[in-house]
Amino acid sequence: DTCRPLLYMISIERHFASANTVTQPGAVSSAVGGSVSIKCTTSQNVYVSSNYHYLAWYQQKDGDVPKLLIKRAHERISGIPARFTGSGSNSDFTLTISGVQAEDAAVYYCQKSELSAAAGRYCRD
């Protein structure tokens, strides 16, 4: 694998931005202990079994950098609580938070990428 810093990842994502877009709802809410689902629709199908096309979910809290939660649509990153679940295929994906905790208040992003992801680094196979 050839791993690059985050800034390199950003430059590549800008290159693909015109061809690949994602749509998410403006806001969702839940009481503590409840369940919430966040939808993500992509303009092109995502082949989640491929190393070169994947759907990732990130969580960003105020003042923090985005944190990778889910890669390849449903693979939870080590250390991420089991209440975070990714699902979906083709162009429709969902992040579900079951048993919502107060600390889950954040902005959540889905990302369709041409690269493979690993926690803390970004690699091209």
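Under this note's numbering, the residues of the sequence shown are numbered 979 to 1103, in order. We treat Cβ as the ideally placed atom computed from N, Cα and C, and that holds for glycine.
Proximal residues to residue i (C-beta, below 7 Å), its chain only, five neighbours per side dropped
i, result
"A1084", "Q1037, Q1038 and K1039"
Residue i vs residue j beta-carbon contact at 7 Å
i, j, result
"S1008", "S1076", "no"
"V1010", "V1078", "yes"
"L1033", "A1051", "yes"
"F1062", "L1047", "yes"
"W1035", "G1064", "yes"
"I1016", "Y1087", "no"
Neighbourhood of residue i by C-beta distance below 8 Å, restricted to the same chain and skipping five residues each side
i, result
"S1069", "T1019, T1020, S1021, Q1022, N1023 and V1024"
"R1054", "L1047, I1048, A1060, F1062, T1063 and G1064"
Residues bridged to residue i (per DSSP)
i, result
"V1078", "For V1078, which the question treats as bridged, DSSP gives no partner whatsoever."
"Q1089", "A1034"
"V1024", "N1068"
"S1013", "S1076"
Own chain, CB closer than 6 Å to residue i, minus 5 neighbours either side, in chain order
i, result
"I1058", "L1047"
Can you list, in chain order, the stretches of the alpha helix (DSSP H) that have 4 or more residues and sit fully within the region 1027–1073? none
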